[in-house]
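Residues in the sequence shown are numbered from 3 upward in steps of one, following the numbering used here. Where is the CB? At the ideal position from N, CA and C, for every residue including glycine. As the structure is a prediction and not an experimental result, all values here were calculated from the model. One structure is given here, and the rest of the page talks about it.
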Amino acid sequence: MTRRWLFADQLGPHFLDAPRQPVLLVESKAVFRRRAYHRQKAHLVLSALRHRAAELGDQALFLHTETYGDALLKVSGEPIEVCHPTSRAALAFVSGRDGVTVLPPRGFATTPADFVAWADRRHGRLRLEDFYRDARRRHGVLIDGGLPAGGRWNLADDPAPPPDEAPVAVPLPPPVLPVEDDIDAEVRADLDRWEAEGIRFVGRDGPRRFPVTRAEALARLRHFVDERLPALGRPVDEVRAHDPVARSLLSPAFNLGLLEPLEAVRRAEAAYRAGAAPLSGVEGFVRQLLGWRDYIWHLYWYFGADRGAGGGLRATRPVPPWFATLDAAAVEARCLSDVLAGVRDHGWAGHVPRLLVLGNYGLQRGWRPADLADWFRRVLVDGHEWALTANVVGLSPLADLGTPESRPYVAGGGYLNRIGDYCRGCRYDPRSRLGVNACPFSAGYWSFLDRNRGRLPANARLDRAMQQLDRLDDLNEVRAQERSRGDRAP
Ligand code: SF4
Numbered sequence: 003m004t005r006r007w008l009f010a011d012q013l014g015p016h017f018l019d020a021p022r023q024p025v026l027l028v029e030s031k032a033v034f035r036r037r038a039y040h041r042q043k044a045h046l047v048l049s050a051l052r053h054r055a056a057e058l059g060d061q062a063l064f065l066h067t068e069t070y071g072d073a074l075l076k077v078s079g080e081p082i083e084v085c086h087p088t089s090r091a092a093l094a095f096v097s098g099r100d101g102v103t104v105l106p107p108r109g110f111a112t113t114p115a116d117f118v119a120w121a122d123r124r125h126g127r128l129r130l131e132d133f134y135r136d137a138r139r140r141h142g143v144l145i146d147g148g149l150p151a152g153g154r155w156n157l158a159d160d161p162a163p164p165p166d167e168a169p170v171a172v173p174l175p176p177p178v179l180p181v182e183d184d185i186d187a188e189v190r191a192d193l194d195r196w197e198a199e200g201i202r203f204v205g206r207d208g209p210r211r212f213p214v215t216r217a218e219a220l221a222r223l224r225h226f227v228d229e230r231l232p233a234l235g236r237p238v239d240e241v242r243a244h245d246p247v248a249r250s251l252l253s254p255a256f257n258l259g260l261l262e263p264l265e266a267v268r269r270a271e272a273a274y275r276a277g278a279a280p281l282s283g284v285e286g287f288v289r290q291l292l293g294w295r296d297y298i299w300h301l302y303w304y305f306g307a308d309r310g311a312g313g314g315l316r317a318t319r320p321v322p323p324w325f326a327t328l329d330a331a332a333v334e335a336r337c338l339s340d341v342l343a344g345v346r347d348h349g350w351a352g353h354v355p356r357l358l359v360l361g362n363y364g365l366q367r368g369w370r371p372a373d374l375a376d377w378f379r380r381v382l383v384d385g386h387e388w389a390l391t392a393n394v395v396g397l398s399p400l401a402d403l404g405t406p407e408s409r410p411y412v413a414g415g416g417y418l419n420r421i422g423d424y425c426r427g428c429r430y431d432p433r434s435r436l437g438v439n440a441c442p443f444s445a446g447y448w449s450f451l452d453r454n455r456g457r458l459p460a461n462a463r464l465d466r467a468m469q470q471l472d473r474l475d476d477l478n479e480v481r482a483q484e485r486s487r488g489d490r491a492p
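Below, the structure written as structure tokens:
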């Protein structure tokens, strides 16, 4: 049987054709020399790779080399197969190499052929909601008699709470944390040594919080379905202080290839069918996995590489050092400081804080989307280029207008105040856009709209916002204030 090269995000059994198939695993140090990764991300990836090598024993050839090219030299002469890698750079590296066969991708629910067929039918109107419904039908998930279970496809359309209603915390049992072992100790010692040798990392080291083996990933999935999913019945966006862990906490396991999306979807649906979990929570989970995750994976390949230059909205400013180095202490804005601290301490932020706090701030300030996507990829433990390109380049800073989403994810302090609990303890006032107490998100919101007048897509909500902008009697002062803010931490 041909030896299968498993990249560090292809570590589950579904990346092999047979349990005893010979395997190649490669640990390359050059990856960490090139760009500064979060220390906990480096730990997670190396730990996962080394645990897989230990599981496979003599079935795997485990090479520690400077580069992937060095590794292939060591196995030259032996045919190698590899499942379609998850980045363009890795695909370019393996494609057309003598002796290396590239197989179709695994680890996603929708095949490239199914996506292209769907996209062709849509004539360029690639709406996530349509893709999601199509995937539900195709896989028969939460479908009763050809119709969506409960009568509606998307329960996130439930009305948001009224503005004066305080957000309600969703009590979630904390996940069971993995127990570190000798392999983790060895990884930590190696990373300490690498740092001493001059390899730079960002963020703080800390106990490993995410699964690195199939067994740990299955345990996390079981805990989520049994203990957390039943509590996820209130499908509202939330950004909550001191809540660096929320929702399923499974994305690192999916993105290391330890879990298959469809197996998780089936388990969640089974919980709903058994009456153990509410449809709203299960539907939200299914939408994230079968809809959003697959959708952005396919968009990454469908649209090609020429994204993220920032041309659409003239977002060309570099990510400032305080943000790049996760200097949360330099930030007074409570929401941004707390979310940045979560990234610094755990390599993690929930989906909504990523979009509405981190991405939103970068969007408002005109930071170059490709740089921001690269930052997310390096500092989040589950960050991958395929996930961040569509997420950040196409949606959050919407640098490339004409993307599938019609509206940039830009929001002012008033909206953040409505969906979370940060503002009540903040030194800024979410209702104020001018003066010493002006909320940087509120001022930034108007400044963003003003700067991008005429470049935003036609959209009823944006049109209304533009009309409001035209009625501001202090716009000149807001402009001057935001110009003088520059790239200082807010
Ligand atoms: Fe964030 Fe503004 Fe609210 Fe402060 S007032 S927490 S800066 S949104």
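| Query | Result |
| --- | --- |
| Distance cut-off 7 Å: residue 418 Cβ against heavy atoms of the ligand SF4 | yes |
| beta-carbon residue 357 near the ligand SF4 non-hydrogen atom, thresh 7 Å | no |
| Option in 181, 198, 220, 485 with minimal Cα separation from residue 208 | 181 |
| Segment limits, beta strand (DSSP E) that includes residue 62 | 62 to 67 |
| For residue 447 and residue 221, the rounded distance between their alpha carbons | 42 Å |
| Helix, strand or coil at residue 40 according to DSSP, with G and I counted as helix | strand |
| Residue 453 versus residue 490: straight-line alpha-carbon distance, rounded | 19 Å |
| Minimum C-alpha distance to residue 184 - residue among 178, 52, 334, 134 | 52 |
| Cα-Cα separation between residue 414 and residue 326, rounded to whole angstroms | 22 Å |
| By C-beta, the residues closer than 5 Å to any heavy atom of the ligand SF4, given in chain order | 335, 336, 337, 415, 418, 424, 425, 428, 430, 432, 441, 443 |
| Environment of residue 366 [buried if 16+ CB atoms lie within 10 Å] | buried |
| Complete runs of the alpha helix (DSSP H) confined to the segment 260 to 293 [at least 4 residues] | 263 to 275, 281 to 288 |
| Close-in-space but distant-in-sequence residues of the same chain around residue 484 (CB under 6 Å, 5 per side omitted) | 445, 449 |
| Reduced DSSP secondary structure (H/G/I, E/B, other) of residue 448 | helix |
| Segment contact flag, the segment 421 to 430 with the segment 329 to 340, C-beta cutoff 8 Å, min 3 pairs | yes |
| Where the alpha helix (DSSP H) through residue 337 begins and ends | 336 to 348 |
| Endpoints, alpha helix (DSSP H) assigned at residue 379 | 371 to 381 |
| Three-state secondary structure assigned by DSSP to residue 440 | strand |
| Beta-carbon proximity list for residue 64, same chain, < 6 Å, skipping 5 on both sides | 27, 55 |
| Per-residue DSSP class, three states only, for residue 204 | strand |
| Residue 463 versus 44, 324, 410, residue with shortest Cα-Cα distance | 410 |
| Status (buried if at least 16 other CB within 10 Å, exposed otherwise) for residue 125 | exposed |
| Beta-carbon proximity check, residue 154 vs residue 116, cutoff 8 Å | no |
| For residue 10, the nearest candidate out of 285, 24, 85 (CA to CA) | 85 |
| Rounded separation between residue 296 and residue 438 - CA only | 44 Å |
| Residues bridged to residue 83 (per DSSP) | 6, 103 |
| Distance between beta carbons of residue 186 and residue 210, contact taken as under 8 Å | 6 Å |
| Other residues of its chain near residue 388: CB distance less than 6 Å, five sequence neighbours each side excluded | 88, 299, 302 |
| Straight-line gap, residue 474 to residue 451 (C-alpha atoms, nearest Å) | 12 Å |
| Reduced DSSP category for residue 48 - H, G, I as helix; E, B as strand; rest coil | helix |
| Among 421, 217, 321, nearest to residue 358 - alpha-carbon criterion | 421 |
| N- and C-terminal bounds of the alpha helix (DSSP H) containing residue 199 | 184 to 199 |
| Three or more C-beta pairs below 8 Å linking the segment 275 to 282 and the segment 118 to 135 | no |
| Option nearest residue 223 by Cα separation, candidates 368, 206, 253, 152 | 253 |
| Proximity to residue 233 [Cα-Cα], best of 217, 262, 273 | 273 |
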